[in-house]
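Down below is the structure, laid out as structure tokens.
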Amino acid sequence: VIEPGSVALTRSEINLYSASRFFDASGTRPQDAGRIAYDAIDKLDIDGDILAASSGDGVGGRMDVTAADIQIVGSQSDGVDGIQLVAGELEQLNVDSILLGGTRSTTAEGNSISVSANSVTVAGDVDLTVSELLLAARQNVTVEAGAQIAATRTGKTSGGAVSVSGNGALVQASVGDALQVQRRNASGSTGALSIQETASVFGQGALVLNASGSTIIKGSIDTQGTAGFGSGKLVLGVEDAASGMALSQAA
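Below is the structure:
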């Protein structure tokens, strides 16, 4: 006798599981692309290919870079402290999400970012287009005058709650969902964020600015999706504040 599977399910108790659902709690599913992390000391050249394609509704490839001091530059130059990453090389990588300054992890308690960089700087000669860019540092995140960051490239990213411990600053520009940054154990003594005049940061789907210390926004920030701001103190309608994050109407 040949019967359809639906009949068999009426005669026995059968629980069906898929790998996609089983591994979902761990943060990595079969349809998700891979992850790669670099921990650099003096120099890091990323000019090869990263094969990180997702399948179906999977999340795209992710790359995390940690170092004491990180700079995104238009072109490398000698005599500069810290790791220099060329914007054009970052654009050519086959990853949908780039985190500079820390590493991401998923545990039973949720998603978290461990920040290790002291400073992350985007140089003024940078014109960078990506799917998602995250900048995180314990002391300073700076987007210099003239720098252009646009998260408009098609990609599959993931937002949601993320835990960060200690003082620091974080920027997310993404085509996807916004991060909900939950900063713990921060005194506010450090963690400065600066977007200088004529600089531009655009996130098509999300733009998140989070800092435990002072935040100065002189340049342009914009999104067509969700905007998130996190600070110990938000000051609205002014361009400068002695402490906390100042958000003027122009910003």
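To convert, count from 1 in the sequence shown and add 509; that's the numbering used here.
Glycine included, each C-beta is placed from N, C-alpha and C at the ideal position.
Cross-strand partners of residue i (DSSP beta bridge)
i    : result
V680 : L644, L718
S672 : S621, Q691
S703 : T651, I725
D686 : Per DSSP, none; premise fails for D686.
I592 : I579
G664 : The partner list for G664 (beta bridge, DSSP) is empty, contrary to what the question assumes.
I730 : V710
I607 : M572, L642
G739 : N719
Cα-Cα separation, residue i to residue j
i    : j    : result
L637 : I726 : 19 Å
A736 : G712 : 9 Å
G557 : S614 : 25 Å
G838 : T519 : For the chain, the structure presents residues 510 to 760; residue 838 sits outside this window and is missing.
T612 : S674 : 13 Å
S584 : A720 : 28 Å
A715 : S709 : 14 Å
S453 : L756 : Past the boundaries of the shown model lies residue 453; the chain is included only from 510 to 760, so the question cannot be answered.
A682 : I658 : 8 Å
N694 : A542 : 32 Å
L553 : G697 : 31 Å
A561 : L599 : 14 Å
S625 : S740 : 20 Å
G685 : A517 : 42 Å
L688 : D587 : 36 Å
A596 : V635 : 6 Å
R538 : D566 : 10 Å
E641 : T616 : 22 Å
D731 : Q705 : 14 Å
I511 : I523 : 19 Å
I550 : G610 : 12 Å
T663 : L702 : 27 Å
A670 : K742 : 20 Å
Nonlocal neighbours in the same chain, by C-beta distance under 7 Å from residue i, ignoring five residues either side
i    : result
D590 : D578
S564 : Q540
F738 : L718, M754, L756
D548 : T575
G677 : V624, A645, A646, R647, G700, S721
R692 : V673, N719, S721, G739
Close Cβ partners of residue i (< 6 Å) along its chain, the five nearest in sequence each way excluded
i    : result
G633 : E653, A654, G655, A656
S628 : D578, A646, Q648, N649
Q593 : Q580, V582, Q585
K665 : S563, V568, G569, D605
G734 : G714, A715
T630 : Q580, T651
L643 : L608, Q681
S521 : none
Cβ neighbours of residue i in the same chain (closer than 8 Å, five flanking residues each side left out)
i    : result
I559 : I545, G570, M572, L602, N603, V604
Could you name each continuous beta strand (DSSP E) segment of 3 residues or more that falls completely within the segment 610-660, going from the start of the chain to the end?
611-616, 619-624, 628-631, 636-639, 641-646, 649-652, 657-660
Length-filtered (3 minimum) beta strand (DSSP E) runs lying within the segment 513-576
Within the segment 513-576, the complete beta strand (DSSP E) segments at least 3 residues long are 544-548, 571-575, listed from N- to C-terminus.
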